[in-house]
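Participant:
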Amino acid sequence: MSTCSIIHHVVMKLFIDSANIEEIRKAAKWGIIEGVTTNPSLIAKEKGDFRAIVSEICTLIDGPISAEVMAETVAEMIAEARSLAEWHKNIVIKIPCTFDGLTVARKLEAENISTNVTLVFSPNQVLLAALAGASFISPFVGRLDDAGENGLNMIARSLKILKNYGFASQIIAASIRSPLTVALSAELGTHIATVPFKILEQMIAHPLTDVGIERFKREWRASSK
Ligand code: E4P
Numbered sequence: 227m228s229t230c231s232i233i234h235h236v237v238m239k240l241f242i243d244s245a246n247i248e249e250i251r252k253a254a255k256w257g258i259i260e261g262v263t264t265n266p267s268l269i270a271k272e273k274g275d276f277r278a279i280v281s282e283i284c285t286l287i288d289g290p291i292s293a294e295v296m297a298e299t300v301a302e303m304i305a306e307a308r309s310l311a312e313w314h315k316n317i318v319i320k321i322p323c324t325f326d327g328l329t330v331a332r333k334l335e336a337e338n339i340s341t342n343v344t345l346v347f348s349p350n351q352v353l354l355a356a357l358a359g360a361s362f363i364s365p366f367v368g369r370l371d372d373a374g375e376n377g378l379n380m381i382a383r384s385l386k387i388l389k390n391y392g393f394a395s396q397i398i399a400a401s402i403r404s405p406l407t408v409a410l411s412a413e414l415g416t417h418i419a420t421v422p423f424k425i426l427e428q429m430i431a432h433p434l435t436d437v438g439i440e441r442f443k444r445e446w447r448a449s450s451k
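Counting in the working numbering, the sequence shown runs from 227 upward without gaps.
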């Protein structure tokens, strides 16, 4: 009888941080995007209502699609989240990192509704969101950098906290402003980076790739092959 061993390894995932259908459609075609994060500001920039936008996004990417609750009380957030979760099986409920938000996250996760605790800026917030059982936790790298702090250091500390205790939550490096941040997030072993479309485009670009393609073409054409 043969035995086989299963190697469990964590693979970094890229999400697109956008509510723009054209951007998401283009990025989906590349075959490397596994989820989408929206937020109220991103939805506000687009035409159409919240449900229509999110529902269309769900047809483009078959993975976690974050939609944020706007209600403010625990009861209202839970009611809003349950109704958002009915739109599609892949909807993840984005909840701000407050004690009320954590109460909501705990409740929703118990109902098998995935949550993404957002607007996370400190290691203690990561610890609390992990204790609440959030599926995803989103530290905002760029906004920390904007405030003169070290966003990537926050990611490293977040990952260490989860690893120390084997929390199942996944860190999403959010508020990304440069391709360098994505690369450094990957070097840190971050589970997921959610990346704006423009920065996804910048990630593939390198002048030596373009020069190399041109040179291969030129030399191929000049030969008699
Ligand atoms: C995270 O999920 C948010 O949608 C996003 O990354 C916020 O980025 P910003 O700081 O560029 O608004």
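For glycine and all other residues, C-beta sits at the position ideal for the given N, C-alpha and C.
#1: Give me the Cβ distance between Arg308 and Leu286, rounded to the nearest whole Å; I'm assuming they're in contact under 8 Å.
#2: Where do the N-terminal and C-terminal ends of the beta strand (DSSP E) with Ala419 fall, by residue?
#3: Which value, in whole angstroms, describes the spacing of the CA atoms of Ile304 and Ala358?
#4: Could you check what DSSP says for Met227 in three-state terms: helix, strand or coil?
#5: CB of Thr341 to nearest heavy atom of ligand 1: below 8 Å?
#6: If you count every other CB in all the chains shown that lies within 10 Å of the CB of Ala253, and 16 or more means buried, which is it?
#7: Given a cut-off of 9 Å on the beta-carbon distance, is the pair Ser411 and Ile381 in contact?
#8: Check the C-beta distance from Val262 over to Ile317 and give it rounded, since I have them as a contact under 8 Å.
#9: Between Ala448 and the rest of its own chain, which residues show a CB-CB distance below 7 Å, the 5 nearest in sequence each way excluded?
#10: What separation, rounded to the nearest whole angstrom, lies between the Cα atoms of Val237 and Ile398?
#11: In terms of residue numbering, what span does the alpha helix (DSSP H) encompassing Pro349 cover?
#12: Which residue marks the beginning of the alpha helix (DSSP H) containing Gly438, and which one marks its end?
#13: Answer yes or no: the CB of Thr263 versus the heavy atoms of ligand 3, is any distance below 8 Å?
#14: Use the C-beta contact count for Ala336: other C-beta atoms within 10 angstroms, 16 or more gives buried, fewer gives exposed.
Facilitator: Well, looking at it:
#1: Contact doesn't hold; Cβ gap of about 24 Å is too wide.
#2: Looking at the DSSP string, the run of the beta strand (DSSP E) that includes Ala419 is Ile418 to Val421.
#3: Ile304 and Ala358: Cα-Cα distance of roughly 15 Å.
#4: Summary for Met227: the model assigns pLDDT 42, below 50, so the residue's position carries little reliability; its value from the coordinates is reported in the next sentence. Note: Met227 maps to coil in three-state DSSP.
#5: no
#6: buried
#7: Yes, the pair counts as a contact, with Cβ atoms nearer than the cut-off.
#8: The C-beta distance from Val262 to Ile317 rounds to 10 Å, too long to meet the 8 Å contact threshold.
#9: none
#10: 13 Å
#11: Pro349 to Leu357
#12: Pro433 to Ala448
#13: Ligands displayed in this structure: ligand 1; ligand 3 is not among them.
#14: Classification of Ala336: exposed, given that the 10 Å Cβ count is below 16.
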